[in-house]
Amino acid sequence: MDFVTTKESLLRELEVMQGIVEKKSTIPILSNIVIDAQKDRLELLATDLEVGIRTTCEAKVAKPGSVALSARRLFDIVRYLPDAEVRLRSEEGSWTQITCQKARFRIVGLSRDDFPAMPEFDFAKGIALERSLLLDMISKVLFAITTDETRYQINGTLMILHKRNLTMVATDGHRLAYVGSRLEKEASEEKIEVIIPRKAFQELSRMGEGEAEVLFGQKDNHVFFRVGRTIMSSTIVPGKFPDFEKVIPEGNDKLLKMDSVAFAEVVRRVALLSSERSRAVKVALQKGSVEISSNNPEVGEAVESVDVEYSGGPLEVGFNAKYILDFLQAMGPGAFILALKDEATQGLLRPVGQEGRDYRYVVMPMRI
318 MDFVTTKESL LRELEVMQGI VEKKSTIPIL SNIVIDAQKD RLELLATDLE
368 VGIRTTCEAK VAKPGSVALS ARRLFDIVRY LPDAEVRLRS EEGSWTQITC
418 QKARFRIVGL SRDDFPAMPE FDFAKGIALE RSLLLDMISK VLFAITTDET
468 RYQINGTLMI LHKRNLTMVA TDGHRLAYVG SRLEKEASEE KIEVIIPRKA
518 FQELSRMGEG EAEVLFGQKD NHVFFRVGRT IMSSTIVPGK FPDFEKVIPE
568 GNDKLLKMDS VAFAEVVRRV ALLSSERSRA VKVALQKGSV EISSNNPEVG
618 EAVESVDVEY SGGPLEVGFN AKYILDFLQA MGPGAFILAL KDEATQGLLR
668 PVGQEGRDYR YVVMPMRI
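Under the working numbering, the residues of the sequence shown are numbered 318 to 685, in order.
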């Protein structure tokens, strides 16, 4: 293998790979990326056996071939090279020489034959989705995925694609984030319902800056996304996602309306003296105002009152401050509504004036 490419082109693709590669894998080859030089381009591959990425960049290939090199080591070398052409040339014994102007490196690699096969998909059958819409929806639910890896069915985001409707749902058992959007055109006559791992959506959010479209597909137990010249594949989380529709309350008639930024500032201040374990704050409502408070016998207490739009009866309910702040950050600036029923029923939060989007967030109350 012998090729020349630019530092800028190679570094751009290596950056895409870094989130996929296992830094401390028990399988050595998974800490490597494959570089396959062919004709006038390079194909780069990386996988952790759950999520895989395949991308390309232009190159002048003098001798076709392939090699597996340490992803981290190669990335570190390339990013500190001068902004000039970079040459990679294979030598005997799995060694590869990297040169750029007067800099020269020799690093050892592994055989490309040891790299696991990656699934493929015919994107002629792919479904086109607006990238900005897709990434916005991901940001609305990703934070709610459970961190408990033993709870397989909720260890990812439920994605439902049917006709002109795209829905995403995530939960950790204490809160649930739901977002639905109406697409401009029909995407799939057949209903697609899959649970996609957290890592897949995290990496998708970093891919294809400047691209307008994402192509999506499903085959067997994998989903596929193509953004520009980069393709990501991911296994589907096995199992059935819980019936989320039963969790979303419908009878909450006590409505608080307030600005998200102002409310977040109050909750953040009061939560400073909440228990580090529970992060509990009390929300005490009465006509025209809300009082947010926390009490930690080992530290102290905090309380702050705010004028709000609220016309229901007096009510006190406890919530995890982090769960409230996560929603407020995800929705961004603007007014929101907190719909409550009583101190034992889950609360429902949603932005005011959603256009073409249905974002709802359910959070379980806490005893205080």
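We put the beta carbon where it would ideally sit given N, CA and C, even for glycine.
- Considering only E582, R596, L362, I444, the residue with the shortest C-alpha distance to G649 is E582.
- Here DSSP, grouped into helix, strand and coil, assigns I344 to coil.
- Our two residues, Q519 and L459, have alpha carbons roughly 8 Å apart in a direct line.
- In the DSSP assignment, V587 falls within the unbroken alpha helix (DSSP H) covering 577-587.
- Boundaries of the beta strand (DSSP E) harbouring V623: 617-624, taken from the DSSP string.
- Positions of the beta strand (DSSP E) runs, each at least 3 residues long and wholly inside the region 509-558, are given as 530-536, 539-544, 547-552 in order along the chain.
- Excluding five sequence positions before and after P436, the CB atoms of its chain that fall closer than 8 Å to its own CB belong to G369, K536, D537, H539, F541, S550, given in chain order.
- Taken atom to atom, the span from the alpha-carbon of I553 to that of I477 is near 13 Å.
- Where R358 is concerned, the enclosing beta strand (DSSP E) starts and stops at 358-364.
- Straight through space, the alpha carbons of A388 and E330 are spaced by roughly 11 Å.
- G651 places its beta carbon 7 Å or farther from that of L657.
- DSSP places F392 in the helix class (H, G or I) of the three-state scheme.
- Spatial neighbours of E408 in its own chain (CB-CB distance under 7 Å, excluding positions within 5 residues in sequence) are listed in chain order as Q414.
- Of the candidates A487, I509, F636, L645, F636 places its Cα closest to the Cα of R684.
- L532 sits close to A445, with the two beta carbons spaced by under 7 Å.
- For L386, the enclosing beta strand (DSSP E) covers residues 382-387.
- Judged by DSSP in its simplified three-state form, A638 adopts helix.
- Contact annotation: the region 333-351 touches the region 427-442, with at least three C-beta pairs closer than 8 Å.
- Scanning its chain for C-beta atoms nearer than 7 Å, with the 5 sequence neighbours on each side dropped, one finds around M334 the residues I350, L361, A363, I370, A388, in chain order.
- The distance from the Cβ of V496 to that of V679 is about 12 Å, inconsistent with a contact at the 8 Å cut-off.
- For N472, DSSP assigns no beta-bridge partner whatsoever.
- Remark: fewer than three beta-carbon pairs, one from each stretch, lie closer than 8 Å, so the region 588-608 and the region 555-569 are not flagged as touching.
- For the pair E633 and T547, the Cα-to-Cα distance works out to about 51 Å.
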